[in-house]
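Protein chains: 2
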Amino acid sequence: MAVDLELAPKTKRAAGEPCCEPVVYPDVAREQAERLAMVAKALGDPIRLQLVDVLRKHAGKVCVCELVPLFDLSQPTVSHHLKKLREAGIVGSERRGLWAYYYVIPESLEEFSEWLS
Amino acid sequence: MAVDLELAPKTKRAAGEPCCEPVVYPDVAREQAERLAMVAKALGDPIRLQLVDVLRKHAGKVCVCELVPLFDLSQPTVSHHLKKLREAGIVGSERRGLWAYYYVIPESLEEFSEWLS
DNA sequence: CCTATGTATTGACAAACGTGATTTCAATAG
DNA sequence: CTATTGAAATCACGTTTGTCAATACATAGG
Chain A
682 MAVDLELAPK TKRAAGEPCC EPVVYPDVAR EQAERLAMVA KALGDPIRLQ
732 LVDVLRKHAG KVCVCELVPL FDLSQPTVSH HLKKLREAGI VGSERRGLWA
782 YYYVIPESLE EFSEWLS
Chain B
682 MAVDLELAPK TKRAAGEPCC EPVVYPDVAR EQAERLAMVA KALGDPIRLQ
732 LVDVLRKHAG KVCVCELVPL FDLSQPTVSH HLKKLREAGI VGSERRGLWA
782 YYYVIPESLE EFSEWLS
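Chains as they are written, first to last, in our numbering: chain A, 682 to 798; chain B, 682 to 798.
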């Protein structure tokens, strides 16, 4: 696995230009990037984005039985998307009797919103 | 394939509650949702999110050769992520000699940023 | 021309994703 | 208890994704 000894730097830089500024560091720590990306990924599907939009605009909690008919999808599929949103911490749910009500957790979007602006 | 004739609505609503408010509509049109989701999806990977972060913070254009060593990834993989960002309209690129320089297109994030807040 | 260098594309592959059919769970009504 | 109903979980499927190795492409220098 020994790599060739660096005999000569050769030309290294083709033109005289130094290519770019000194060095660049991502000053969004990996951890933060992962949190942000997790949120973005959850919003990275049109259905889920609309789900969040509906829930946000509605302020209150919305029943799954109202959400399903809005999308031309099976109930299990909508349920699946809601689960993804739950896992990303974007929405919460609450059961009342037979029905399940979903709502957006506003703080979950704050960090992302701030990073974006 | 004929479904049973609907003999009787049966109980229909278990409790007396009407389940929830009248009806809810997604007032983010499908088209807009798809645009927003496309941006979110592109940001939905930690590497790409950090790439955008670096490019944004840097204001100017950054050479690929500076970006690659920031991530513990092969050059083709970084190139692949940059392509995804390009396809989503989030970044642009420019060749100068041998090098390629990338930059964020700020307007590309505006709609998403507004929707989010 | 030929060689070296920075970047992009291709091919391959495992992992994750989006979806629907089917089944399971939980809770209510009788 | 049994039957019904809303929601979630499971299974199966084709598609997309992230990654690297290898290759191709473009440009600059000899």
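We put the beta carbon where it would ideally sit given N, CA and C, even for glycine.
Here the structure is a predicted model, which means the values were calculated and not measured.
Interface flag, residue i vs chain A, CB-CB below 8 Å
i                 : result
Ser-794 (chain B) : yes
Ser-798 (chain B) : yes
Leu-790 (chain B) : yes
Per-residue contacts from residue i into chain A (C-beta, under 7 Å)
i                 : result
Gly-725 (chain B) : Ala-718, Ala-721, Lys-722, Gly-725
Leu-754 (chain B) : What Leu-754 (chain B) touches in chain A: nothing, since even the nearest Cβ is about 13 Å away.
Identity of the residues DSSP links to residue i by a beta bridge
i                 : result
Leu-775 (chain B) : For the sequence presented, residue 775 (chain B) should be read as Glu rather than Leu. Its beta-bridge partners are B:Tyr-782.
Cys-744 (chain A) : A:Tyr-782
Beta-carbon neighbours of residue i, restricted to chain B and to distances below 7 Å
i                 : result
Arg-642 (chain A) : In the structure displayed, chain A extends from 682 to 798; residue 642 (chain A) sits before or after that span and is not available.
Glu-715 (chain A) : Pro-727
Test: residue i CB closer than 8 Å to a CB of chain B
i                 : result
Ile-786 (chain A) : no
His-762 (chain A) : no
Tyr-783 (chain A) : no
Closer than 8 Å at the beta carbon, the chain B residues around residue i
i                 : result
Leu-730 (chain A) : Val-709, Ala-714, Leu-717, Ala-718, Ala-721
Anticipated Cβ contact below 8 Å, residue i with residue j, distance rounded
i                 : j                 : result
Ser-794 (chain A) : Leu-797 (chain B) : 5 Å
Pro-750 (chain B) : Arg-711 (chain A) : Actually they do not touch by this definition, with Cβ atoms about 15 Å apart.
Problem - Inter-stretch contact at 8 Å, needing at least 3 Cβ pairs: the stretch 745 to 754 of chain A / the stretch 734 to 746 of chain B - result: no
Exercise for the section: Spell out a yes or no on whether the stretch 720 to 727 of chain A and the stretch 763 to 773 of chain A are touching, meaning 3 or more CB-CB pairs, one atom from each, closer than 8 Å. Expected result: yes
Exercise for the section: Check whether the stretch 756 to 770 of chain B touches the stretch 724 to 738 of chain B, counting contact only when three or more Cβ pairs, one atom from each stretch, lie closer than 8 Å. Expected result: yes
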